[in-house]
Structure formats: C-alpha cells, structure tokens
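The working numbering puts the sequence shown at residues 1231 to 1577.
Built from N, CA and C at the ideal position, the CB exists for glycine as well.
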Amino acid sequence: MKYKDFSSWELAEDHYFVNWVLRPNKHSDKFWEQFLADHPEKSGEVLLAREIVTGIQYSNSPKLNDTDYNDLFERIISTKRSRESSYAPFLQKNRYRWAKYAAAVVVLTLLGVFLFQRSWLDSYQSQEEIVRILTKESPMGSKLTTVLSDGSRVKLNAGSKIVYPEEFSDTLRRVYLTGEAYFEVESDPRRPFRVESNKVGTEVLGTSFNVRAYPDDHKISVAVAEGKVRVTNAGGSTMKFEHTLLPYQESEVNILNGQVIKRELRDDMIFAWTNWKLVFREEPLFSILKKLERWYNVEFEFKEKIETLDTYTGSFDNDPLNVVLEALKSQGAFNYEIQGWKIQITN
1231 MKYKDFSSWE
1241 LAEDHYFVNW
1251 VLRPNKHSDK
1261 FWEQFLADHP
1271 EKSGEVLLAR
1281 EIVTGIQYSN
1291 SPKLNDTDYN
1301 DLFERIISTK
1311 RSRESSYAPF
1321 LQKNRYRWAK
1331 YAAAVVVLTL
1341 LGVFLFQRSW
1351 LDSYQSQEEI
1361 VRILTKESPM
1371 GSKLTTVLSD
1381 GSRVKLNAGS
1391 KIVYPEEFSD
1401 TLRRVYLTGE
1411 AYFEVESDPR
1421 RPFRVESNKV
1431 GTEVLGTSFN
1441 VRAYPDDHKI
1451 SVAVAEGKVR
1461 VTNAGGSTMK
1471 FEHTLLPYQE
1481 SEVNILNGQV
1491 IKRELRDDMI
1501 FAWTNWKLVF
1511 REEPLFSILK
1521 KLERWYNVEF
1531 EFKEKIETLD
1541 TYTGSFDNDP
1551 LNVVLEALKS
1561 QGAFNYEIQG
1571 WKIQITN
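Below, the structure is given as structure tokens:
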C-alpha cells in the first residue's frame, strides 16, 4: 500500500486523503480505519496530516494590485518584443495576423503562470501563518517533559510522541499522543483540553491524568489522578462509548474486540513511572518485556519457547536492567544472557 511510506506532508497533499478529512464517507472511513489498524506506527503522521489539512486556507481567487498589474504588463511587453525580434523573418509575411495571435498566447500564458504563482504563494504564506505544528518525542530508554503554550505540562514516557500547535486556538486545546504521557492541565473553562490517542479522545478543563496508547498495544488506558475527565471514541472509530472519570478511576479500551471497561484504581501504580518507578503487579510476562524494552532501550530475543502468559509482580526504583532481570529470573520467569542491547531469553 503506497500510503505506508508517505510522510505527513505527502498525505496532506494527497487528493484521496484530503477528501476523507474534509468530506468523509463510510467507504473512506473504512479504508483509513483499516490502514491505521494495519500500520499503527503511522498514526502520528496521519494525525499531523489531518491537522495540516484542516488548518490550511487556500486563496481561491487571487487579486492583483496596481503594482502587480504594472509588473505583469512590463513582462508581457518585454517578452512580446523579444519573440518578435527572434522570429522577425517568419513574422514579416503575416506580421499583423501572427503578431496578434502570438501576443494573445503570451498574455494568456503569462497571466496563467502569474496567477498560479500568486495563488501558490498566498496558500504557502497562509499555511505558514496558520499551521505551526510542533512535535516532541521521547526516545526509548528516556523520558521527557514539555510545557505547552497554555502552561500545561506533559511528561512523555519512553517511546512516546506528542504533536500539538505552537499556539492553541481560542476555543479548544487539542494535542495528539502516540505512546504514554502524564498530563497536568492548566484550568481554562473557555477552552477544553482534548487528547487524541489512536481511537480514544480524552477531554478535560483542568486536571492531572495519564494516557497510555502505544501503537503495538491493543489496549488504550486513561486514568485520572486529580479532577475529572470525559473519555469518548475518536479518530473514525466505530466504537461508541463515553465515560466520565473521577480521581483514581480508569477507562480501558480494547481496540481488537471493542471491549470498554471503567474501573476503580486500587492504588497509584499506574502513575508510578512519572517518578521513575517501574511497577507491575500480576502482569503477563509479554507485557513486562514490552515495558522493559521501552524503559531500557533494549530488545529481547527468544532462543527457546517460554510461557509469556504467566504473571509476575515487582517494583523497582529506577534500578539497572540486570537487577530487574535477576528478580524475574528468581521468580522462575526465564534465564538470560546480555549481549549489548540485545537480551537472549532461554528456559
């Protein structure tokens, strides 16, 4: 599929993509929903491209001022004279008839080119003035904190990315998240704060909450630490749900089977990563290994088949990787061998 190699700007220039953003229908919704399901790693590019398309304003009827008209007239005259000089022997016989046609062609051609250039320039300038999209990304093995234009703070977990406008609009503060982030949102009753993450939208006025939506996970989680948030479907999702979450409540969406759960949190374990604490409780081994890959920027390779559905419990205060691996080994999870940034797993 050609779109898997497109950048956000290439998507924003694609006719089919633009039509979907501005005039969606059930066929285009189905196509792009399936595309995101097949290529979750492109969700950030698609979200940014949507923002670009909705932000761009095209100049459909460029206008020329007096200076522009004078400049155009001088260019037409100079071009006409140079062409007459170059083709003087040929034009001599049918001078008036051909000169009239040539002048008309030159005028129409130059006028078309000039208007196209002006239209493109106006569009480009409008785009530069309106669309100022920023991207902050936290690589594997690290965490990053950024402050938005309204004063809200966002802490990104490893392997996460946030896309947002340099300045929010007067009516809505909207950001796009891939991965996991903890938000501390400044209160502004006039401008709700909305986080788009895959197929889930989270909207608040002012609060602290955590969103986890990694492309390689089939579950999306929104958990509230303070305040109140509203969680709904988004991004062309066919799922229909709406949860209002209070402190220490979580909404979890399974995008594979469409199951949506609202539950009470037993503790603040889900927020522990913001204080550099790695915690898991009765968590499947395959999920733990994903966390470790992001946390320490390593890759696990299985030399033998092991049971990844078995669950384990542990809590680590930003300990080195070998401490975590030894703890899992002591619980009978696996044996291992460290080879640079790759970890060989055996029985």
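- Under the DSSP assignment, Phe-1439 falls in the beta strand (DSSP E) whose first and last residues are 1438 to 1443.
- Counting the other Cβ atoms within 10 Å of the Cβ of Ala-1267 gives fewer than 16, which makes it exposed.
- Under the 10 Å beta carbon count, Arg-1404 is surrounded by 16 or more other beta carbons and is classified as buried.
- The C-alpha of Leu-1277 is placed about 18 Å away from the C-alpha of Leu-1378.
- By the Cβ test, the stretch 1473 to 1487 is in contact with the stretch 1439 to 1453, since at least three Cβ pairs between them sit closer than 8 Å.
- By the criterion of a C-beta distance shorter than 7 Å, Glu-1534 is surrounded in its chain by Thr-1576 and Asn-1577, once the five residues flanking it on both sides are discounted.
- In the same chain as Tyr-1526, and ignoring 5 residues on each side of it, the C-beta atoms closer than 7 Å to its own belong to Gly-1371 and Leu-1551, in chain order.
- If only complete runs of 3 or more residues are kept, the stretch 1362 to 1404 shows the beta strand (DSSP E) at 1363 to 1368, 1374 to 1377, 1383 to 1386 and 1390 to 1395, in order along the chain.
- Looking only at Asp-1498, Gly-1544 and Ala-1464, the smallest Cα-Cα distance to Glu-1263 is reached by Ala-1464.
- Residue pairing by DSSP places Thr-1474 opposite Arg-1460 in a beta bridge.
- For Gln-1561, no beta strand (DSSP E) run applies, since DSSP gives it neither H nor E.
- Burial is judged here by how many other beta carbons sit within 10 angstroms of a residue's own beta carbon; Leu-1539 has fewer than 16 and is exposed.
- A direct Cα-to-Cα measurement between Pro-1419 and Ala-1242 gives close to 32 Å.
- About 7 Å separates the beta carbons of Glu-1433 and Phe-1423, which is inside the 8 Å limit, making them a contact pair.
- Under a 10 Å Cβ-count criterion, Glu-1537 is classified as exposed, with fewer than 16 other Cβ atoms of the shown protein chains found around its own Cβ.
- Between Val-1490 and Leu-1475, the gap from beta carbon to beta carbon reaches 9 Å or more.
- Lys-1373 and Leu-1386 have their C-alpha atoms spaced approximately 6 Å apart.
- When the alpha-carbon of Ala-1279 is set against those of Tyr-1233, Ser-1517, Glu-1397 and Asp-1547, the nearest one is in Tyr-1233.
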